[in-house]
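*Asks:* In full-length UniProt numbering, the protein residues as written are 1 to 238. Following this message is one structure expressed as structure tokens.
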Ligand SMILES: N[C@@H](CCC(=O)N[C@@H](CS)C(=O)NCC(=O)O)C(=O)O
């Protein structure tokens, strides 16, 4: 009789509008049972530390409890779940090129692609930060000026390089690492979707391959299911 893998005990701590979405989608793709604990950002947009730091010292989401072992970092969570429960979502290890591409995107997504996008949010926060009324007319133009300088001199070129690179990678590929969906696509989907419609210049006209790729991902049944769960939880789709 074939040995069966025992059903894992999985709890996903899911923060709204966050990378937690990757894991929700992955768990659906893997058809794994899981318990979902939604956590809402506070007014400062951060996770409530009284909950988050109880779970993990850094208090960053997603956080997954897998058979009582607490895992953080979406890359580690994606790799671990796929390695143990979803080999279909990784390329054949014998295909070295695909395997290296898979590992590359696991690191690239959080290591190089996402940081300038996060910095954009911080810079935008500086531009709009509240000021006492009597400082408004003196300081606001200074804040706006600093924010625009950082955007044009650093963030725009970084984003453009990243988008052009991914665009060229998708020139004759349906998915980023292999000829099927892999964890690499799940890792890259979040920052790409977050950038769509938000980052100036990231248009369908300039980056048609990426936009078509995102539409392909969005048509997958389990992506739709995860997006619906998110929509129900926070009142807006992913
Ligand atoms: N590299 C980490 C980043 C985790 C992270 O920064 N998560 C954000 C949400 S996308 C978070 O928890 N923010 C809330 C906070 O910092 O309080 C990962 O991929 O899991």
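All residues carry an ideal CB built from backbone N, CA and C; glycine is no exception. Note that this is a predicted model, so its numbers are computed, not measured.
1. Measure the CB-CB distance between residue 226 and residue 24 and report whether it falls below 7 Å.
2. What residue does the beta strand (DSSP E) around residue 175 start on, and which one ends it?
3. Give me the DSSP bridge partner(s) of residue 38.
4. Roughly how many angstroms separate the alpha carbons of residue 56 and residue 13, rounded to a whole number?
5. Excluding the 5 residues flanking residue 75 on each side, which residues of the same chain have their C-beta closer than 8 Å to its C-beta?
6. Exposed or buried, residue 20, counting other C-beta atoms within 10 Å across all chains shown (16 or more means buried)?
7. Could you tell me if the beta carbon of residue 178 falls within a distance shorter than 6 Å of some heavy atom in ligand 1?
8. Let's test the definition: count the other Cβ atoms within 10 Å of the Cβ of residue 49 and tell me whether it reaches 16, buried, or not, exposed.
9. Confirm the yes/no value for this check: CB of residue 19, any heavy atom of ligand 1, distance under 6 Å.
10. Pick out the complete beta strand (DSSP E) segments inside the segment 56-110, 3 residues or longer, and give them in chain order.
11. Residue 1 by DSSP, collapsed to three states: which one?
12. Cβ of residue 110 versus every heavy atom of ligand 1: is any distance shorter than 6 Å?
13. Taking the Cβ atom as the reference point for each residue, do residue 221 and residue 78 lie within a distance shorter than 7 Å?
14. Compute the Euclidean distance between the alpha carbons of residue 32 and residue 90, then round it to the nearest angstrom.
15. Can you tell me which of 17, 9 and 230 puts its alpha carbon nearest to the alpha carbon of residue 85?
16. On the three-state DSSP scale, how would you describe residue 260?
17. Taking the alpha carbon of residue 121 as the reference point, which residue from 96, 131 and 156 has its own alpha carbon closest?
18. Determine whether the beta carbon atoms of residue 175 and residue 159 lie at a separation below 7 Å.
19. Span of the alpha helix (DSSP H) holding residue 228?
20. So what does DSSP say about residue 161, is it helix, strand or coil?
*Replies:* So, from the data block:
1. Numbered from its first residue, the chain shown carries residue 226 at position 226. Numbered from its first residue, the chain shown carries residue 24 at position 24. For residue 226 and residue 24, yes; Cβs fall inside 7 Å.
2. What you label residue 175 is simply residue 175 of the chain shown in a count that begins at 1. Careful: residue 175 lies outside any beta strand (DSSP E) and carries neither H nor E.
3. Along the chain shown, one-based indexing puts residue 38 at 38. For residue 38, which the question treats as bridged, DSSP gives the partners 14.
4. Position 56 of the chain shown holds residue 56. Position 13 of the chain shown holds residue 13. About 11 Å.
5. On the chain shown, residue 75 is found 75 positions in, with the first residue counted as 1. Hits under 8 Å: 106, 107, 109, 110 and 187.
6. Mapped onto the chain shown, residue 20 falls at position 20. Residue 20 should be labelled buried.
7. As a working note, residue 178 is residue 178 in the chain shown. No, the beta carbon of residue 178 sits no closer than 6 Å to any heavy atom of ligand 1.
8. Locating residue 49 in the chain shown gives position 49, counting from the first residue. So residue 49 ends up on the exposed side.
9. For this step, residue 19 is matched to residue 19 along the chain shown. Checking the Cβ of residue 19 against ligand 1 gives yes.
10. 63-66 and 69-72
11. If you number the chain shown from 1, residue 1 lands on position 1. Reliability of the predicted coordinates at residue 1 is poor, the pLDDT of 45 falling under 50, and no value is obtained from them.
12. Working through the chain shown from its first residue, we reach residue 110 at position 110. At a threshold of 6 Å, residue 110 counts as near ligand 1, since its beta carbon sits closer than that to one of the ligand's heavy atoms.
13. As a first step, residue 221 must be located in the chain shown, where it is residue number 221. As a first step, residue 78 must be located in the chain shown, where it is residue number 78. No, the pair does not count as a contact, with Cβ atoms beyond the cut-off.
14. What you label residue 32 is simply residue 32 of the chain shown in a count that begins at 1. What you label residue 90 is simply residue 90 of the chain shown in a count that begins at 1. Roughly 16 Å separates the two Cα atoms.
15. Taking the first residue of the chain shown as 1, we reach residue 85 at position 85. Checked all of 17, 9 and 230; the closest Cα to residue 85 is 9.
16. Residue 260 lies beyond the stretch modelled for the chain, which goes from 1 to 238, so this question has no answer here.
17. In the chain shown, residue 121 corresponds to position 121, counting from 1. The option with the nearest alpha carbon to residue 121 is 156.
18. Locating residue 175 in the chain shown gives position 175, counting from the first residue. Locating residue 159 in the chain shown gives position 159, counting from the first residue. Contact: no.
19. On the chain shown, position 228 is the one that residue 228 refers to. Segment 221-234, the alpha helix (DSSP H) holding residue 228.
20. Here residue 161 is taken as the residue at index 161 of the chain shown, counted from 1. Helix.
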